[in-house]
Amino acid sequence: MLDVALSFAVILVVFLVLPLIVGQTEHKVMAHMQSRLGPMYAGGFHGWAQLIADGVKFAQKEDVIPAAADRRVFMIAPGVALVPYLVVLIAIPFDRDFVAVDLSLGLFFVLAVMGVGVLGSIMAGWASANKYSVLGGMRSAAQLMSYELPLVLAAASVAMAAGTLSLPGIVEAWQWWWLPWQAVGGVVFFVAGLAELRRPPFDMPIAESEIIMGPMTEYTGMRFALFMLAEYAGIVVLSFLTTVLFLGGWHGPFLPGWLWTLVKVFALAFVVIWLRVTYPRLREDQLQKLAWAVLVPLALFQLALTGVVKVLV
Amino acid sequence: MTEAVPSYLSPTGQEIVFLLLGAVAVGSALLVVTTKQLVHAALWLVLCFGALAGGYLVLTAEFVAWVQVLIYVGAVIVLLLFGIMLTRAPIGRSADLDSRNRPVAALVAVATAAVLVTVVIDAFRTAYTPLTPGGGAASELGASVFATWVLPFEALSVLLLAALIGAIVLSRTDIRGTTQPESPAPTPPRPPTEPSSSAATHGDTVEPPTSSETATSDHGGAVTPPGDRQGGATSDETGGA
C-alpha cells in the first residue's frame, strides 16, 4: 500500500514538474535558436523562475466566461484536456520494477486514454460561442481522426515485436537492434503523436495568426493555464511513450535506468521544440495528405517488416 | 457456469461497483435521448460509453474495455461531434429536436429492452460464474478469436473491407463508368462590337468588356491548382507559451 502511495506521489511530482521544465526549456531553446536571450530576469539566474511568475500571473487574472458560452461545458473542458495525460503516466515504466500500475494491456490503455484528451479541445471550441473556436475545435477533431490510425499502427508494430502489450514487458524485451528495425515505426509514432498534441508544425487547430488560438480564444487565467499545462504534459507523455516503445526505456550503459529514461525523454522533448522552431505550419490539406498518403503506408510497411522479421528470426 | 449461487444479500464490492456503473450508463443514456441540447447529447454519450467500459473492466474484460474507450470515445464520439459541428451546433436548447414519433420510439425501445431482458433471464436463470482476473487479456482473446472464432472474424473483415471500398467509390467522382470530359466546352466569346456600340449610343461610362471578358472565357474551365495558394506558414517567433 505504501509502495502504491509512493509511486503515485512520484507520478504527481513528475506530472507537475516535468512540464514546467519542458516549458522553460522551450523558452530558452527557442530564444537561442532565434538569436534572442529569452527570459532573463525572473528568479535572477537566466530567468529560471519565468514559468512560476507566469503561474502567479495566471492565478491573479479574472476568470472570464463569455455570456453566450455554454457555461458548464466551458468550465470542465480544460480538465478534460488535462486529466488524461495524468492518468496515462500511471502505466509508464520509469525504471525496471518502477511502474505505478503494471497493466497487462498498458499500451492499449495509454493510447485509449490519450485519445480522450482531444475531447477537451473540441468541447472548449464548441462551448466558447466563438466562430474561431469552433473552427479550431473542428480542426482538432479532423486531425485526431486522421492521426490516430498511424499512431495505433506504429504502436502495434512494437507490440508485435515484443509479443506483449504491457509497457514494462515491451521495454524488457527491447534489444539494441530494434532501433534500426523499428525506426520507421518510431518516426511515424512520434510525428503522429505530435499531430495529436497539436504542436507545430501541426498546430492548425490553434493557429494563433489566423484563428487566434482556436479553442482557447475565450479562455483566461487559470483555465488557460490548464490548457497550457495540458500541452506541455502532452509533450512529456509523448516523449515518455516514444522512449518506452522505441528507444528502449531504461536500457543503456553506465547510468542508472531511471536516468536513462529521463535523458531520452528530454532529448525527445528537445526535438519537439526544435521542430516547432524549424518548420512552418502545415496547411489543412497538407496535414491530411501527410497522414493518409505518407504516415499510414509507412506504418503498414513497418507492420509488414516487423511481421516478416519476427517470423524469420 | 453452473456453480452454486451466492446470496444476493451480501453483495461483493465488485457487484456494487457494477451496479453503480450500470446506473450511470442507463442514466446518461436516458439523458442522451431526452436532452434538448444537441451537443450535450453527444457528451452524455461519452459518459455512457465510459460507464460501459467500466462495466467491462469489472467483468475482467480489460481488452474490450480499452477498445471501447479507444474506438467509441476516442473515434466515434469525435466523429459525431465533428459531424454535428459541421452541420449545426447551436448553444442552448433547440425546440425542434422532438418529432411526433416520440411515443412510437419509446414503445420500440421498451419492447426491445423487454425482449432482451426476457431472453437473458430465461437463458441464464440462476447460472453463476466466478470472475477470474486475466480472462479478458489480449492473449486469451487473440487465441480464441484466431482459433475458435476465425470464420466470423474473417467474415467481419470482408464486411469492413467492402464498406471501405464502398466509401472510396462513393467519395471519388473520377472512377465512375462513364467519365465526363474534365473541362466544359468554352463559351463562344461575344462579338466585341455589340456592347461597345450600345455603350457608345447610350453615352454610358460602361467600360468596354472586351479585354477582361475574352480573357476569362479563353481560360474556359481551367481550375487553378490548389497548390498555388500560399500556405499560412508563419513560425511562431515570440514564443507565446
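Protein chains in written order, with the UniProt record's numbering: chain A, 1 to 313; chain B, 1 to 241.
Here a beta-carbon is modelled for each residue, glycine too, at the ideal position from N, C-alpha and C.
Here the structure is a predicted model, which means the values were calculated and not measured.
- Task: Indicate the three-state DSSP secondary structure (helix, strand or coil) for glutamate 237 of chain B in the structure shown.
- Result: Counting from one through the second sequence, the residue named residue 237 of chain B turns up at place 237. The predicted position of glutamate 237 of chain B is uncertain, since its pLDDT is 40 and thus under 50; no value can be drawn from it.
- Query: Can you list, in chain order, the residues of its chain whose CB lies under 7 Å from that of isoleucine 11 of chain A, leaving out five sequence neighbours each side?
  - Reply: Walking along the first sequence from the start, residue 11 of chain A turns up at place 11. Cβ neighbours of isoleucine 11 of chain A beyond the five flanking positions: Leu89, Ile90 and Ala100.
- Using a Cβ cut-off of 7 Å (strictly closer), state whether leucine 295 of chain A contacts chain B. Sequence index remark: in the first sequence, residue 295 of chain A carries index 295 (1-based). Not an interface residue.
- Query: Does the count of Cβ pairs from the region 50-68 of chain A and the region 209-225 of chain A closer than 8 Å reach three?
  - Reply: yes
- Going by other Cβ atoms of all chains shown within 10 Å of its Cβ, with 16 needed for buried, is serine 157 of chain A buried or exposed? By 1-based counting over the first sequence, the position of residue 157 of chain A is 157. By the neighbour-count rule (16 or more Cβ atoms within 10 Å), serine 157 of chain A is buried.
- Query: If you measure beta-carbon to beta-carbon, which residues of the region 84-103 of chain B are closer than 7 Å to chain A?
  - Reply: Met85, Leu86, Ala89 and Ile91
- Message: Bridge partners for aspartate 95 of chain A per DSSP, in chain order?
- Response: On the first sequence, residue 95 of chain A is found 95 positions in, with the first residue counted as 1. A:Phe98.
- Item | Own chain residues within Cβ distance below 6 Å of alanine 230 of chain A, not counting five before or after | Here residue 230 of chain A corresponds to residue number 230 of the first sequence, with the count starting at 1. The answer, listed in chain order, is Ala81 and Leu82.
- Item | Top-ranked residue by Cα proximity to proline 90 of chain B, from A:Ala112, A:Asp97 and A:Ser128 | In the second sequence, residue 90 of chain B corresponds to position 90, counting from 1. Proline 90 of chain B has its Cα closest to that of A:Ser128, out of A:Ala112, A:Asp97 and A:Ser128.
- Task: Establish whether the CB of glycine 13 of chain B and some CB of chain A are separated by less than 7 Å.
- Result: The residue given as residue 13 of chain B occupies position 13 in the second sequence. No, glycine 13 of chain B does not count as interfacial toward chain A.
- Message: Just to confirm, is the Cβ distance from leucine 70 of chain B to alanine 112 of chain A under 7 Å?
- Response: Start at 1 with the first residue of the second sequence, and residue 70 of chain B comes out as number 70. Start at 1 with the first residue of the first sequence, and residue 112 of chain A comes out as number 112. Taking 7 Å as the Cβ cut-off, leucine 70 of chain B and alanine 112 of chain A qualify as a contacting pair.
- Using the rule of at least 16 other Cβ atoms within 10 Å of the residue's Cβ for burial, across every protein chain shown, is residue 247 of chain B buried or exposed? Beyond the ends of chain B as shown, which are 1 and 241, falls residue 247 of chain B; an answer cannot be given.
- Query: If you draw a straight line from the alpha carbon of aspartate 203 of chain A to that of threonine 242 of chain A, how long is it in whole angstroms?
  - Reply: The count along the first sequence starts at 1 and reaches residue 203 of chain A at position 203. The count along the first sequence starts at 1 and reaches residue 242 of chain A at position 242. Linking aspartate 203 of chain A to threonine 242 of chain A through their CA atoms gives a straight-line distance of about 20 Å.
- Query: Taking the alpha carbon of glycine 22 of chain B as the point to measure from, which residue in B:Val33, B:Ile168 and B:Phe49 has its own alpha carbon closest?
  - Reply: The residue given as residue 22 of chain B occupies position 22 in the second sequence. The option with the nearest alpha carbon to glycine 22 of chain B is B:Phe49.
- Is proline 201 of chain A helix, strand or coil when you go by DSSP? The residue labelled residue 201 of chain A in the question sits at position 201 within the first sequence. Correct three-state label for proline 201 of chain A: coil.
- Task: State yes or no: is the C-beta of leucine 268 of chain A within less than 7 Å of the C-beta of serine 239 of chain A?
- Result: Translated into the one-based positions of the first sequence, residue 268 of chain A becomes position 268. Translated into the one-based positions of the first sequence, residue 239 of chain A becomes position 239. Closer than 7 Å, so yes.
- Query: Roughly how many angstroms lie between the CA atoms of valine 32 of chain B and isoleucine 206 of chain A, to the nearest whole one?
  - Reply: On the second sequence, residue 32 of chain B is found 32 positions in, with the first residue counted as 1. On the first sequence, residue 206 of chain A is found 206 positions in, with the first residue counted as 1. So the alpha carbons of these two residues sit roughly 30 Å apart.
- Task: Mind checking which residues open and close the alpha helix (DSSP H) that includes phenylalanine 109 of chain A?
- Result: Position 109 of the first sequence, counted from the first residue, corresponds to residue 109 of chain A. Segment 106-127, the alpha helix (DSSP H) holding phenylalanine 109 of chain A.
- Task: Report back the beta-carbon spacing between residue 242 of chain B and leucine 165 of chain A to the nearest angstrom; my notes put them in contact at under 8 Å.
- Result: This structure gives no information on residue 242 of chain B, because the portion of chain B shown stretches from 1 to 241.
- Message: valine 152 of chain A and leucine 298 of chain A - do their beta-carbons sit closer together than 7 Å?
- Response: The residue labelled residue 298 of chain A in the question sits at position 298 within the first sequence. The residue labelled residue 152 of chain A in the question sits at position 152 within the first sequence. Contact flag unset, no.
- Spell out a yes or no on whether the region 130-150 of chain A and the region 90-99 of chain B are touching, meaning 3 or more CB-CB pairs, one atom from each, closer than 8 Å. no
- At what residues does the alpha helix (DSSP H) containing aspartate 54 of chain A begin and finish? Here residue 54 of chain A refers to the residue found at position 54 when the first sequence is read from its first residue. Run containing aspartate 54 of chain A: 50-60, per the alpha helix (DSSP H) assignment.
- Query: Between A:Gly249, A:Pro253, A:Thr278 and A:Arg281, which lies nearest to phenylalanine 266 of chain A when the distance is taken from Cα to Cα?
  - Reply: Indexing the first sequence from 1 puts residue 266 of chain A at position 266. Closest in alpha carbon position to phenylalanine 266 of chain A, among A:Gly249, A:Pro253, A:Thr278 and A:Arg281, is A:Gly249.
- Message: Quick check: what's the CA-CA separation for valine 114 of chain A versus leucine 275 of chain A?
- Response: Position 114 of the first sequence, counted from the start, is the residue given in the question as residue 114 of chain A. Position 275 of the first sequence, counted from the start, is the residue given in the question as residue 275 of chain A. The identity of residue 114 of chain A in the sequence shown is methionine, whereas the question assumes valine. Their Cα atoms are separated by approximately 22 Å.
- Could you tell me if the beta carbon of serine 157 of chain B falls within a distance shorter than 6 Å of some heavy atom in the ligand ATP? The ligand ATP is absent from the structure shown, which contains no ligand whatsoever.
- Step through the CB atoms of chain A and report whether any lies within less than 7 Å of the CB of alanine 138 of chain B. Mapped onto the second sequence, residue 138 of chain B falls at position 138. With 7 Å as the cut-off, alanine 138 of chain B counts as an interface residue toward chain A.
- Task: Might you give, ordered along the chain, the residues of its own chain that have their beta carbon closer than 8 Å to the beta carbon of isoleucine 235 of chain A, omitting 5 neighbours on each side?
- Result: The residue you call residue 235 of chain A lines up with position 235 of the first sequence. Result list for isoleucine 235 of chain A: Pro19, Val22, Leu197, Arg199, Ala269 and Val272, in chain order.
- Which of the three DSSP states, helix, strand or coil, is assigned to serine 10 of chain B? Position 10 of the second sequence, counted from the start, is the residue given in the question as residue 10 of chain B. Looking at serine 10 of chain B - three-state DSSP - the assignment turns out to be coil, as it is neither helix nor strand.
- Exposure label - aspartate 54 of chain A; buried when at least 16 CB within 10 Å: Along the first sequence, one-based indexing puts residue 54 of chain A at 54. Burial call: buried.
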